[in-house]
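Protein chains: 4
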Amino acid sequence: MKTSKEYKQSLKEMKSNIYKFGELIEDVTTHNATKRTIEGHSQIFDAAQNDKYKDILTTKSNITGDDVSRYLSIIGSPEDMIANVRMKRIMFNLTGTCTGGRCAGFNAINAMWATTYDMDKELETDYHIRIKKWLENSQKNDITISGALTDPKGDRSKSPTMQKDPDMSLHVIEKREDGIVVRGAKIMICGVAAANEIFIMPGTGYKEVDKDYAISFVIPRDIENLTIVETRRPSDMREQEEGYDIPVDIGGITQAYLLFEDVFIPKDRVFMCGEYSFALKAVMNFIKPYRAAIGGCVAGQGDLMIGASTLMARANGILEKVFSEKITQMIINNETTFGMGIAAGVLGRKHPSGVWIPDTLLSNVNKVHVARLPYDTKRIAQDIAGGIAETGCLPSYKDINDPRYGDLLKKYLKANCSGETRAKIARLIEWLTIGAGVPGCMHGGGSPDGAKMMINLNSDINHYIELAKRLVNIKEDIKVEHRKK
Amino acid sequence: MKTSKEYKQSLKEMKSNIYKFGELIEDVTTHNATKRTIEGHSQIFDAAQNDKYKDILTTKSNITGDDVSRYLSIIGSPEDMIANVRMKRIMFNLTGTCTGGRCAGFNAINAMWATTYDMDKELETDYHIRIKKWLENSQKNDITISGALTDPKGDRSKSPTMQKDPDMSLHVIEKREDGIVVRGAKIMICGVAAANEIFIMPGTGYKEVDKDYAISFVIPRDIENLTIVETRRPSDMREQEEGYDIPVDIGGITQAYLLFEDVFIPKDRVFMCGEYSFALKAVMNFIKPYRAAIGGCVAGQGDLMIGASTLMARANGILEKVFSEKITQMIINNETTFGMGIAAGVLGRKHPSGVWIPDTLLSNVNKVHVARLPYDTKRIAQDIAGGIAETGCLPSYKDINDPRYGDLLKKYLKANCSGETRAKIARLIEWLTIGAGVPGCMHGGGSPDGAKMMINLNSDINHYIELAKRLVNIKEDIKVEHRKK
Amino acid sequence: MKTSKEYKQSLKEMKSNIYKFGELIEDVTTHNATKRTIEGHSQIFDAAQNDKYKDILTTKSNITGDDVSRYLSIIGSPEDMIANVRMKRIMFNLTGTCTGGRCAGFNAINAMWATTYDMDKELETDYHIRIKKWLENSQKNDITISGALTDPKGDRSKSPTMQKDPDMSLHVIEKREDGIVVRGAKIMICGVAAANEIFIMPGTGYKEVDKDYAISFVIPRDIENLTIVETRRPSDMREQEEGYDIPVDIGGITQAYLLFEDVFIPKDRVFMCGEYSFALKAVMNFIKPYRAAIGGCVAGQGDLMIGASTLMARANGILEKVFSEKITQMIINNETTFGMGIAAGVLGRKHPSGVWIPDTLLSNVNKVHVARLPYDTKRIAQDIAGGIAETGCLPSYKDINDPRYGDLLKKYLKANCSGETRAKIARLIEWLTIGAGVPGCMHGGGSPDGAKMMINLNSDINHYIELAKRLVNIKEDIKVEHRKK
Amino acid sequence: MKTSKEYKQSLKEMKSNIYKFGELIEDVTTHNATKRTIEGHSQIFDAAQNDKYKDILTTKSNITGDDVSRYLSIIGSPEDMIANVRMKRIMFNLTGTCTGGRCAGFNAINAMWATTYDMDKELETDYHIRIKKWLENSQKNDITISGALTDPKGDRSKSPTMQKDPDMSLHVIEKREDGIVVRGAKIMICGVAAANEIFIMPGTGYKEVDKDYAISFVIPRDIENLTIVETRRPSDMREQEEGYDIPVDIGGITQAYLLFEDVFIPKDRVFMCGEYSFALKAVMNFIKPYRAAIGGCVAGQGDLMIGASTLMARANGILEKVFSEKITQMIINNETTFGMGIAAGVLGRKHPSGVWIPDTLLSNVNKVHVARLPYDTKRIAQDIAGGIAETGCLPSYKDINDPRYGDLLKKYLKANCSGETRAKIARLIEWLTIGAGVPGCMHGGGSPDGAKMMINLNSDINHYIELAKRLVNIKEDIKVEHRKK
């Protein structure tokens, strides 16, 4: 398995195809816009070799039996799901933000492992063999794989083929003997700058006419004809500055638009091509572990918000017991998404391909919590930390170090600690609650409304009604006719 | 294992010592005040012999290897805890209310199994041997055991020995060679009318001076010098009436005051007597599984509230999709307490005595949810069901069947079903939300404030602070001095 | 103006037509099922003569200039609306529950005062002259008037004329020279037992075909061919018992089903008959002041829940500052519905008839709060008060006074006060949160879903969108076509 | 009264003493860091001359009877408070953010108008005469006045004189015949860049020993020895860029640190100096109207969040009715803070000086809402708007216009409108929810915990308890002794 140094070296050796602010990023490991996310992802390699975290960060390959990164493994048991949830919490604790260049890829591998198995069974394709071969090789090289789901989609009320522009979802434009050519885009993709390869998942809602959109494959990040443009983030210009206005050097997040201008994908890297009836299954196989495990991620955020806000309380000279009720509520919020992730993971079932699939209902319930509770936790963190942290209401690092008035600023920033320490804590809370470190939990892995739809689909109202009828011994059949209003 | 018929017979054979409304209840299985809870508890025996529920309701004895009721078993694994959570949900679904005559007893057995083990280890007592012998016998006879924790306590700001009246908590007044004599009371005890025996737990907060209060033992419900007075419940007088104003015949709940007027307990039934430093441990061992598993119980309530309120919507001629957002929220509430129960159960640890002890933090987080979410679910149920169900706003069964105007009432009660069916549904919702079927989830198994205190005690603020400090590389030590205000 | 003694005498002189539990209530002022609500309504007369409350409870007649009960007045200004909100809070404080036999009547008078004015203007009817004459007389006699809105309705998906049974809403079956004959029912009507007359409002959703349902009139409560059946309430059988299990003697609530078996209404008491296009306006004129002022009522409930739960804390020996955060939240809940009522009342407009009509949007927003916040306040009250109050978990008055074990119960009920006092406080909390004193705030004055519909109808999304477009200078017109799914 | 052009000219003529990023801002009206807030404040002058807003934005001077800006007026009636609440809502609607350079000044004028009146009455000072003269002149010149409350404070557990550094709160260091010299700082002060003068308020918690800290005065913004350093805001570097990544040109917010290095204040501009017992009163007089009226401000934010998120829904091709429940909740949130502001304003009392003082309890209840509800509204706005708006997840303006790949980005950003329009809407939501436009509502005008303390101080628990005791006729006096834990 790679060291973090080898990991960075592997990124340096790749071709440049990532842009931000109109500028080509020559070396992602040193460029201000990307180096922090790479430092964050590097900690995965360090943690894998740290006794404290090794059992969580690594596991045995189900293919070779060798030790591999858990991010490259097949989730085969409740214990694996528990480790997955814990891993996300730890990595957020260590980086202060998202290591999204790995977790979406991890879920994509597992989703397509199961889906290709079913496709091969039903359609006599050879996709499962292809993914197995690719995965074995990837484990051997210990590569970093990000995952890409979201298409631009255009007008949400229309399917891909009904759009005026056929490219609004990624699609095949040519099938060759040796592979396929694709056009379109994937957008808002986390951590591609930190990845060696990108795993492309299909979207959903496809009928036969849309079959050219039902595609899944994996590509090197620097493949020909792929252009990557990084999105902005709140306060991202500070990443270009000196000092602690971006307070964290060892973690960062990026999200990108991937522009496919007729990219050729060799056959052995294609895991779905036209099997539109399996697209939804693939996505379902993706979201179940994703929406379970994200509870760990969100708990990891919350841990830091407790730490940062109580640290600010101490910095202000206040004992944290004054905020006891609020801290308890933050803990409740954290442990709820964490616990629901554990429960969804444990109450799953084994797919014939060997993948352990978490419980649909609990995963989606957790997705709803994940879209609510961290907002509450952020609010409480700002409440405890006071006005200085609420909107980062303090002068810039440059001003604090200005020769004319910097000393005065430091003087007035001090409290129960030095002014600079207090400034750093305030910037950390800003960064965690409205800054460049905020991950997009509301819509990451799909919207809460999508989760609610899944909750409804997976709940049988008649079951509940029968329980009630039995209890009071009602035999009468009560039906409501569907009527036009 | 017993049939429900044998179970009822065992109750009939006991002596009468239970009162309500100043009246001695001669036969608990037929008296209006107690028969419903006994019907509810009887379903436990039926379910144990029903293929659909058998795996949940029964398990192997860790003493004899024989099939026993899960309620009489030692919880030995995460799987046992999952089954426990599921069992509580199922029993609420089947009875519409609490079968509290068994679950507190179940927890007491497990709590004292572990605590006596530790006591014997540390103090060279023989309590564990006693409880083992007693439990083996109880399993053989398949008896029903309720559990009793709560003392009257008197002035909450004072310990038992500081009270003006020494009897405000149950205590030993005489120690004999062959046993002990106790005086005092246990109050608000669920389901004793349905029990063969009662398991007494100690309270907490005892110092050496309070050691006579640190007692645990098990007694036949009809032991000499024990007087039991049932408490009132909302609308409990309806239980004396004919008709469906109490809409459920197959479930009910009772809570009682147990008055110990110098009751003699034989030695082999005493599991703690004076070991005050183990009282808190015993209670902790009780509340961890209890506060985890109650999540299943509360989910079971919620299931019925979904069923009853959507049934009323249909009865009113309205499709439940109109209330889709509300139903989804009820499901989220249910699955949250259920899921957190699963998670707390799974993330436990094995006690040397063989008992699997759930996670302290998640158990207590769940207790807080249990004290909040069902209130929200009840509110939504009343919202969906309309004014008729909100306060049970419809005439009595007697009026609906009055020869003069009963037909008119039925005429005006009908909607998309008969008037009588609609009346029954309304009564069910009333019963579930503000009626005789409402269990006391807020304070059952301890108050939410107690749970919050446990959450604080089990969370290390410094851990969170260290995570934050590491992230932004703060070395400065920030301490707040304790000061008088 | 009447004294409370004269008021009771006026009720005694009426004919008997009210039933409960199959029994005709001979004298509503002494019968257990109705006497408490009459005591509550009597306090209105006492308060009107008490210097502390006189300014709120009385005002000048806009017809004669004489002092009249505010409940019989026309609301003519923001100050009148403020007094209305305060009056509801005071009356709840004084009675512990609803004096619904007056406030719905008060709103009906005002709603029909404005609606008849418009009808006369537009249709050249003489309804306004009729209501004026009737009101002048009613003020002179200082009578008590309840109001009745809700029809049984039957299948909610169908209009009155589409029902299989034409009587599912109250309707005219015969028009005579001297009056009309009506058939049907009004249901869940508050406080008719305490009223001299009943003001009937029309429903809504009527088209021309439904015009026989568009009726409004006022009747003596004991009019011929009207049968009244009281509904049950939680724990209402306790009202038949001795002692404090119903802890309040000076307040109570009743709700009734009114059965109209071809009741003749003389012409000068009819204020709408067939003018279906005014039915909705009448109801809108009703709900605006109602949904504003109910905020005061709900605040009055909350005041008592604060008082009762902190009293229990003291009774338990606990200082209320332990619950400071919870008490603050209860206060916030109370003052929110109160304040929103004030704001809705103040931000109204003057109707040409002289009636001051509160703001539609704020009234309906308050209705939503009224359907949520008291549930939260009840939950907190139960939280503070402990298990004894949560479900009224203590023995009956009869048991507490039993010669055999009553002294023991009193002994164990005592804490930082006598056992009986503590029992009374527990019963008060039970009564306020799940007992016979609970008013139906969720659906009283219409459902929260109805209020949300009104909020949507009274908000112009395009206004908000234009604000946003102006700010970022977007000129592009963005329209979404309505499409079939 | 001034035009917006004259207003800007008045700012241009002032001396430069404001810094940001280590750079002296020569002209606040054109510098990127300050020009947007000045555009926002300019709209106040435009609105004052716009028939649509004139009645809200202007009023009659209580000194001269002339038309003056409402921001320079004495609030003399409930109607003035209603206009104040409406004004804040309108100005937020028009600028998309805070015009804090005026509202804090407005409240300071009113607070000190009343406080100086009381001081003169009690202490025979001449402060009220001074403020009257100054205000008359200010009205005549139609100047813009910001207000400054917050001191750095240092260690919160210590009073000003207990701090190691005596300058941690602003204080007098020299008293001269003709004025005073002050040293220290005021921090997080809104809109000073847009102001002609700054009104300094005292802090609270002062005893006699702290009397040099009890000071209030008004200064020209460019007074000698005052250095102003602007704080950072989320994404404030974008304000230096071209394009729409800061989407709003006509509004902006600034917050500053004011460094007083021995500033001389002439006597006639000093309104408190040493009268420590009036400092708390002054602040109370400030926070009552402030915490009432901020409800209008927060409603104005919410209006834009409804507009921006529904506009994005349309841009995505989705009808807003899909989000109906969510939009209704946003409206409820907005109207709650607005309505509570109205209610607090209306239920006030007249101070002898002529100032109308809003209700303490309702003002502070509203402050708590203001610290909660906008967080909920932001969450919903992000929920509706989708991932693109949640963290501003789209490429920069520069990238969207890049010659190499900008057209591709526009292609993939388009939906039911052009890509650029959609980008602008996403940036607006980012700016409103986590960007440079976010005002600090949580702590602005004091923290929610401070408001809760005020709620407790202004509520008499014994009043509530007496209501409860009367109702159930309890005579027993129940007292809990204060005890050491």
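Chains as they are written, first to last, in my numbering: chain A, 1 to 485; chain B, 1001 to 1485; chain C, 2001 to 2485; chain D, 3001 to 3485.
Heads up, the beta-carbon is just placed ideally off N, CA and C, and yes, glycines get one too.
This structure is a prediction, so every number in the text was calculated from the model and none was measured.
When beta bridges are read from the DSSP output, Glu1197 of chain B appears opposite B:Ile1145, B:Pro1220. For Ile1265 of chain B, the pairing in a beta bridge is given by DSSP as B:Ile1180. Using a Cβ-Cβ cut-off of 7 angstroms, Glu2320 of chain C is close to Ile3461 of chain D, given in chain order. The C-alpha of Met201 of chain A is placed about 11 angstroms away from the C-alpha of Phe278 of chain A. The C-beta of Thr95 of chain A comes no closer than 8 angstroms to any C-beta of chain D.
If you check the CB distance, Tyr206 of chain A and Thr231 of chain A do not come in under 8 angstroms.
A distance below 6 angstroms between beta-carbons, with the five flanking residues on each side excluded, links Ile3388 of chain D to the following residues of its chain, in chain order: Leu3394, Ala3426. When CB distances to chain A are screened at a threshold of 9 angstroms, the residues of the region 1401 to 1419 of chain B falling below it are Asn1416, Cys1417, Ser1418, in chain order. Annotated three-state conformation of Ile2318 of chain C is coil, per DSSP.
Using a Cβ-Cβ distance cut-off of 8 angstroms, the region 72 to 92 of chain A and the region 149 to 161 of chain A are not in contact, since fewer than three pairs of beta carbons, one from each stretch, lie closer than that value.
Interface flag for Thr310 of chain A against chain B is set, since a Cβ pair is found closer than 8 angstroms. Contact with chain C is absent for Gln1049 of chain B, since none of that chain's Cβ atoms lies less than 8 angstroms from the residue's Cβ. If you check the CB distance, Pro1358 of chain B and Pro1289 of chain B come in under 8 angstroms. In this model, Leu2409 of chain C and Met3330 of chain D are separated by some 52 angstroms (Cα to Cα). Between Tyr1053 of chain B and Val1229 of chain B, the CB-CB gap reaches or exceeds 8 angstroms. Nearest in C-alpha terms to Glu239 of chain A, of all of A:Thr254, A:Met454, A:Cys98, is A:Thr254. For Ala1083 of chain B, no Cβ of chain A is located within less than 8 angstroms of the residue's own Cβ. Residues of chain D with a Cβ closer than 8 angstroms to the Cβ of Asp2222 of chain C do not exist; the shortest Cβ-Cβ separation is about 31 angstroms. Leu3373 of chain D has a beta carbon lying at 8 angstroms or more from every beta carbon in chain A.
Non-local C-beta neighbours of Val3368 of chain D in its own chain, meaning closer than 8 angstroms and more than five positions away in sequence, comprise Pro3448, Ala3451, Lys3452, Ile3455, ordered along the chain. Our two residues, Asp142 of chain A and Arg1379 of chain B, have alpha carbons roughly 53 angstroms apart in a direct line. In terms of CA proximity to Cys1103 of chain B, B:Arg1086 leads the group B:Asp1118, B:Arg1086, B:Arg1233, B:Lys1133. The Cβ of Tyr1464 of chain B sits closer than 8 angstroms to at least one Cβ of chain A. For the region 2137 to 2148 of chain C, the set of residues with a beta-carbon nearer than 7 angstroms to any beta-carbon of chain D is empty. Taking a Cβ-Cβ cut-off of 8 angstroms, the neighbours of Ile1478 of chain B in chain A comprise Leu311, Arg314, Ala315, Asn416, Cys417, Thr421, given in sequence order. By alpha-carbon distance to Gly1022 of chain B, the top candidate from C:Lys2479, C:Tyr2397, C:Leu2319 is C:Tyr2397. Annotated as proximal: Asn1093 of chain B and Leu1304 of chain B, with beta-carbon spacing under 8 angstroms. With a cutoff of 8 angstroms on beta-carbon distance, Ser146 of chain A and Val181 of chain A are scored as not near each other.
Of the candidates A:Leu361, A:Ile306, A:Gly76, A:Lys15, the residue whose Cα lies closest to the Cα of Thr1328 of chain B is A:Leu361.
Taking the CA atoms as reference points, Glu26 of chain A sits about 6 angstroms from Ser16 of chain A.
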